[in-house]
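Engineer: Residue numbering for the sequence shown follows full-length UniProt numbering, beginning at 1 and increasing consecutively.
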Amino acid sequence: MEDRLTLLVVGEGGREFAIAKKLKQSPHVATVYCAPGNIGMLTVGVTPVNIAEMDLNGLLQFAIEKHVDWTFVGPENVLCAGIVDKFQLAGQKIIGPTKRAAQLEGSKDYALSFMDKYHVPTAKHETFTSEDEALAGLADFGLPVVVKENGLAGGKGVVIAQDESTAKKVIHEMMAGPQTAIVLEECLTGPEYSLFCLVAGDQYRILPMAQDHKRAYDGDHGPNTGGMGAYSPLPQLADDDYQRMVSEVVEPTIHGLVAGNYDYHGILYIGLMMTADGPKVIEYNVRLGDPETQVILPRLKTDFAELLQAVVDDRPLPAIEESSQAVLGVVLAAKGYPQHPAYYPSLGKLPAEDGIAIDYANVTGRLDDLYGSGGRLAMVIAEAPTLQEAAQRVYGYLGRLNELDCFYRHDIGKKAGINIQ
Ligand code: AMP
Ligand code: GLY
Numbered sequence: 001m002e003d004r005l006t007l008l009v010v011g012e013g014g015r016e017f018a019i020a021k022k023l024k025q026s027p028h029v030a031t032v033y034c035a036p037g038n039i040g041m042l043t044v045g046v047t048p049v050n051i052a053e054m055d056l057n058g059l060l061q062f063a064i065e066k067h068v069d070w071t072f073v074g075p076e077n078v079l080c081a082g083i084v085d086k087f088q089l090a091g092q093k094i095i096g097p098t099k100r101a102a103q104l105e106g107s108k109d110y111a112l113s114f115m116d117k118y119h120v121p122t123a124k125h126e127t128f129t130s131e132d133e134a135l136a137g138l139a140d141f142g143l144p145v146v147v148k149e150n151g152l153a154g155g156k157g158v159v160i161a162q163d164e165s166t167a168k169k170v171i172h173e174m175m176a177g178p179q180t181a182i183v184l185e186e187c188l189t190g191p192e193y194s195l196f197c198l199v200a201g202d203q204y205r206i207l208p209m210a211q212d213h214k215r216a217y218d219g220d221h222g223p224n225t226g227g228m229g230a231y232s233p234l235p236q237l238a239d240d241d242y243q244r245m246v247s248e249v250v251e252p253t254i255h256g257l258v259a260g261n262y263d264y265h266g267i268l269y270i271g272l273m274m275t276a277d278g279p280k281v282i283e284y285n286v287r288l289g290d291p292e293t294q295v296i297l298p299r300l301k302t303d304f305a306e307l308l309q310a311v312v313d314d315r316p317l318p319a320i321e322e323s324s325q326a327v328l329g330v331v332l333a334a335k336g337y338p339q340h341p342a343y344y345p346s347l348g349k350l351p352a353e354d355g356i357a358i359d360y361a362n363v364t365g366r367l368d369d370l371y372g373s374g375g376r377l378a379m380v381i382a383e384a385p386t387l388q389e390a391a392q393r394v395y396g397y398l399g400r401l402n403e404l405d406c407f408y409r410h411d412i413g414k415k416a417g418i419n420i421q
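1) Pairing CB atoms from the stretch 282-295 with CB atoms from the stretch 125-133, are three or more of them under 8 Å?
2) For H213, count neighbouring C-beta atoms within 10 Å of its own C-beta (all shown protein chains included) and say buried if the count is 16 or more, exposed if not.
3) Residues in its own chain within less than 6 Å of M228 by CB, not counting five upstream and five downstream?
4) Going along the chain, which unbroken runs of the beta strand (DSSP E) with 3 or more residues stay wholly within the stretch 214-296?
5) Taking all protein chains shown into account, do 16 or more other C-beta atoms lie within 10 angstroms of the C-beta of P235, making it buried, or fewer, making it exposed?
6) Kindly indicate which three-state DSSP category I418 falls into: helix, strand or coil?
7) Helix, strand or coil for R205, going by three-state DSSP, please let me know.
8) Would DSSP call H125 helix, strand or coil?
9) I need the boundaries of the beta strand (DSSP E) containing Y343, first residue and last residue.
10) Per DSSP, D359 is paired with what?
11) For my contact list, L112 and T122 are in at a C-beta cut-off of 8 Å; report their separation, rounded to the angstrom.
12) Using a threshold of 8 Å, is the CB atom of T189 nearer than that to any non-hydrogen atom of the ligand COA?
13) With DSSP run on the structure shown, which of helix, strand or coil describes L8?
14) With a floor of 4 residues, list each alpha helix (DSSP H) that falls wholly inside the stretch 377-411, ordered by position along the chain.
15) So what does DSSP say about C34, is it helix, strand or coil?
16) Would you check if the distance between the CB atom of A334 and the CB atom of A326 is smaller than 9 Å?
17) Note down the Cα distance separating F304 from S323, rounded to an integer number of angstroms.
18) Between R100 and the rest of its own chain, which residues show a CB-CB distance below 8 Å, the 5 nearest in sequence each way excluded?
19) Give me the Cα-Cα distance between S373 and D405, rounded to the nearest whole angstrom.
20) Looking only at C-alpha atoms, which of G396, V249, G278, Y337 sits nearest to L377?
21) Under the criterion of a Cβ to heavy atom distance below 8 Å, does A230 qualify as lining the ligand AMP?
22) What are the start and end residues of the beta strand (DSSP E) that includes I160?
23) Here's the rule: buried if 16 or more other CB atoms are within 10 angstroms of the residue's CB, otherwise exposed. What is K108?
Below is the structure:
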């Protein structure tokens, strides 16, 4: 890499903040644009660009005009809309799966068929296209039963029904909406983890592992959200279990991507559960996770731009070097999130503090007077020798904030066995 790179990141949330920040830190990178990005990105030297993430023509035109070396795509809806196919057709370099491959996230039925075909362990499942069939199919599943919308639902289209009447009600409601199919699944139990593979054809590298916290409130209560906090590494994950995830889940998945001619170049995020019968896939996503990205990228010692450049060039991928530091982050969300997030809660100016990073998400206004513009506003993150110390730093910082107009969970990291006062 002789000339320093000009890069474009697509998306606007905390995940894209973390991706763009990490790329900007690389000595190989001169400029990072983020479309549409958010105003908070100015704090880390990233340039927001006023083009909507779904304006594929506008993004392509921008990449051509600004001589962008390559583009990295954050959100799944943009990938499912076919941004990669569009850029490739125009000769623009871009990292992410094609529209066909993005169906692994865009359609639960497609992903489950892939898992069945390539013998990737997952929950017992069945897809239905009519309410009557789904109601009749309930008898084949015990309770609780998991009811899922087939298409993209922003992490909110899944209900774990504890009893039959709830299951019937949810089936009725989902089939009355825009979805044309739903999936019933056996309810798995066990700790849930996020595993991210960077894939380049038949090569792959596993990034540092993380754990998300999907429920809105402490103790995993309340509705499912996009994610309320995360940490990495996972001290509670035994080495043997990790090796099983690689051999029983990752390897057959990569084999399937190659055998199915997906020519996959991008991130494959495997959400999995460590059950009593071994690791099982909960879902595939075709992108990085939010908020996991905000805690795994600070732990990546391998130069991220170099790593992604190798994907673009189809060269051998460098090894992943993981920092020995622990990273933990807590999301600040608008009150009422995820159902009815309060619009424009004030965030003011979060004070700078040594050892604390703020990754902004849905914020607007001025840097010294920020307002929320969506559900998740920012993540407060600390890096420390242990998770315990990282949690103390984050919660110490949050405890010193006055009159916070948002809410956060008070137990991020508890599942790793740490104490939070
Ligand atoms: P998804 O939208 O597929 O990520 O599902 C949201 C959440 O629902 C997951 O993170 C799990 O916690 C839970 N979930 C999904 N499928 C199952 C399942 N088969 N068994 C138990 N929990 C599940
Ligand atoms: N953290 C969950 C997701 O990105 O889907």
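Heads up, the beta-carbon is just placed ideally off N, CA and C, and yes, glycines get one too.
Structural biologist: The short version:
1) Contact between the stretch 282-295 and the stretch 125-133 is absent, because fewer than three Cβ pairs lie under 8 Å.
2) Burial call: buried.
3) Excluding residues within five positions, the ones whose Cβ falls inside 6 Å are H213, V331, R409.
4) Those beta strand (DSSP E) runs which fall completely within the stretch 214-296 and span 3+ residues are 215-217, 221-224, 229-232, 265-275, 278-285.
5) By the beta-carbon neighbour count (other beta carbons within 10 angstroms, threshold 16), P235 is exposed.
6) DSSP places I418 in coil when its eight states are reduced to three.
7) Strand.
8) H125 sits in a strand when the DSSP states are folded into three classes.
9) In this chain, Y343 is not harboured by any beta strand (DSSP E), its DSSP state being neither H nor E.
10) Bridge partners of D359: M379.
11) Going by Cβ atoms, the distance from L112 to T122 rounds to 7 Å, so yes, they are a contact pair.
12) The model depicted lacks the ligand COA and carries the ligand AMP and the ligand GLY instead.
13) In this structure, DSSP gives L8 an extended state, which the three-state scheme calls strand.
14) Counting only runs of 4 or more, we get 387-400.
15) Strand at C34.
16) A326 is positioned such that its CB atom lies no closer than 9 Å to that of A334.
17) Answer to the nearest angstrom: the Cα atoms are 13 Å apart.
18) Contacts found: Y262.
19) Distance between the alpha carbons of S373 and D405: 13 Å.
20) Residue Y337 is the option with its Cα nearest to L377.
21) Every heavy atom of the ligand AMP is 8 Å or more from the Cβ of A230, so no.
22) Taken as a continuous stretch (DSSP letters only), the beta strand (DSSP E) holding I160 covers 158-161.
23) Per the 10 Å Cβ criterion, buried.
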